[in-house]
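Okay, structure first, notes after.
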Amino acid sequence: MGTFAYRAIDSRGAKRRGTITAASGRHAREQLRDQGLRIESVEERAAKTVAIGRSNTLRYQNQLTAAIRELATLLQAGVPLLDAIDSVVTQSNRGFHEAMLAVRDQVSSGSSLADAMGRERGIFDEMTIGMIRVGEHAGNLDEVCEQVAAFRERSGELKDRVLTALLYPAIVMTVSVGVTIFLMTVVVPMLLQNLTEIGRPLPLPTLVLKYLSDVLLEHGHWLGFGLFCLSVAIFLAAKSERGQKMIDRLSFSTPVLGSLIQKQALSRMSLVVSSLLRSGVELVDALEIAQKSTTNGLLQSALIEMQGDLRAGKDLRDSTSRQSFFTHSMAQVFSLGQQSGQLDSMLLRLGTEYDRQAGRLATRVTTIIEPVLILVLSVVVGFILFATVLPILEAGNVLSE
Numbered sequence: 001m002g003t004f005a006y007r008a009i010d011s012r013g014a015k016r017r018g019t020i021t022a023a024s025g026r027h028a029r030e031q032l033r034d035q036g037l038r039i040e041s042v043e044e045r046a047a048k049t050v051a052i053g054r055s056n057t058l059r060y061q062n063q064l065t066a067a068i069r070e071l072a073t074l075l076q077a078g079v080p081l082l083d084a085i086d087s088v089v090t091q092s093n094r095g096f097h098e099a100m101l102a103v104r105d106q107v108s109s110g111s112s113l114a115d116a117m118g119r120e121r122g123i124f125d126e127m128t129i130g131m132i133r134v135g136e137h138a139g140n141l142d143e144v145c146e147q148v149a150a151f152r153e154r155s156g157e158l159k160d161r162v163l164t165a166l167l168y169p170a171i172v173m174t175v176s177v178g179v180t181i182f183l184m185t186v187v188v189p190m191l192l193q194n195l196t197e198i199g200r201p202l203p204l205p206t207l208v209l210k211y212l213s214d215v216l217l218e219h220g221h222w223l224g225f226g227l228f229c230l231s232v233a234i235f236l237a238a239k240s241e242r243g244q245k246m247i248d249r250l251s252f253s254t255p256v257l258g259s260l261i262q263k264q265a266l267s268r269m270s271l272v273v274s275s276l277l278r279s280g281v282e283l284v285d286a287l288e289i290a291q292k293s294t295t296n297g298l299l300q301s302a303l304i305e306m307q308g309d310l311r312a313g314k315d316l317r318d319s320t321s322r323q324s325f326f327t328h329s330m331a332q333v334f335s336l337g338q339q340s341g342q343l344d345s346m347l348l349r350l351g352t353e354y355d356r357q358a359g360r361l362a363t364r365v366t367t368i369i370e371p372v373l374i375l376v377l378s379v380v381v382g383f384i385l386f387a388t389v390l391p392i393l394e395a396g397n398v399l400s401e
């Protein structure tokens, strides 16, 4: 199957542009004629569509949230599905616009909305596709779209809150490193050259400062290259399943930051599973969708084991208790919720609570990091000033004697 871009004129004389999925160009033309369109051109564009899907998984998430919200609003107002999708298409930006065009054309050709989204997996995530499919089967697509939009908005707010809390420390750290490098490679060498011309032996702090400055000047490019290679190695390791798990395990064991990562991941997982259960998805399928939608390797492994235990008829409390990534509260909720039949509402409450805890932890991390960074910067700058002023003071004492 390939994707073909077309230009055509409909029965009302209006020009239409979009994409359509077909086995060949001839089949694409036949589908367009069956829709009553007069074809102007049909060109295969499969490679471009795949590239968009693979490279922009995260790029269009905000647009996807807005599109699902608009779709829910229009469907609840009684607008037909194709007309609702057309409205979303007209308000989308270029890359996301092409994906929505493909979805609209596939739906108009008889595909379900979930199947059409599934062919654009680089744009639409597993959770969204799974819930849309359930909504279509149950006949409550408008309600499901409302749930998906609400979940995505809540997840986006949590992510923005955490990023905002960590932004200021990141800026302070960047400025600190930049100021230190500037002082050590520009200011300090000029001062040390003047001090050396005096002809007196330099005190120990000044000698240490001179050594560090010389190292940066002579080997700074190698240090920068080494940091670059280390960054590339970490990036490549994160691409592999084993490397990602190692990074996740190291992050999870970090004080405070590990708890923040845990609460954020568990909050998203709880809200995903809760939304899926309320939409009528079976628990084992909800866990599978949640496992595919998370990027945390430790949580993925835990959810895979839970699926196996659930299919084997085991109690989820034992399964969750064995996983170090799950909290005691999470194990209790899965056990009691499964027994009482209220797992969706219990997970919703727990996920909301973890959402609040993650926000508070992000604020706490910021509160801790800010004074630490300022203290480190003060010590570094203070040492540089002390090491440069000390020989000047000693020279002044000698002259006064």
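Under the UniProt record's numbering, read the sequence shown as residues 1 to 401, first letter to last. The C-beta atom is built at its ideal place from N, Cα and C for all residues, glycine as well.
The C-beta of Gly-130 has 16 or more other C-beta atoms within 10 Å across all chains shown, which makes the residue buried. Annotation: Arg-322 is outside any alpha helix (DSSP H) and is labelled neither H nor E by DSSP.
Residue burial annotation: Met-190 is exposed, with fewer than 16 other C-beta atoms found within 10 angstroms of its C-beta. One alpha carbon belongs to Met-346, the other to Gly-337, and they sit about 7 Å apart.
Going by DSSP, Ile-39 is part of the beta strand (DSSP E) stretching over 38-44. Of all alpha-carbon atoms in Ala-265, Leu-141, Val-380, Lys-239, the one lying nearest the alpha-carbon of Thr-327 is that of Ala-265.
Going by C-alpha positions, Arg-29 is about 36 Å away from Glu-146.
Leu-192: member of the alpha helix (DSSP H) spanning 188-197, first to last residue. Relative to the Cα of Tyr-211, the nearest Cα in the group Thr-185, Ala-84, Ile-392 belongs to Thr-185. The shortest CA-to-CA distance from Gly-313 to any of Gln-323, Ser-324, Ser-335, Met-330 is the one to Ser-335. DSSP places Ala-233 inside the alpha helix (DSSP H), whose first and last residues are 204-239. For Tyr-6, DSSP records a beta bridge to Gly-18, Val-42. Between Val-365 and the set Leu-167, Lys-15, Leu-276, Phe-182, the nearest pair of CA atoms involves Leu-167. Close CB contacts of Ser-279 within its chain, under the 7 Å cut and outside five residues either way in sequence, are with Met-131, Val-134, Gly-135, Val-144, Gln-147 (chain order). Rounded to whole angstroms, the Cβ separation of Ala-99 and Ile-123 is 4 Å, and the two are in contact under 8 Å. When rounded, the separation of the alpha-carbon atoms in Leu-375 and Ile-171 is 15 Å.
Arg-38 is not a Cβ neighbour of Ile-20, given a cutoff of 8 Å.
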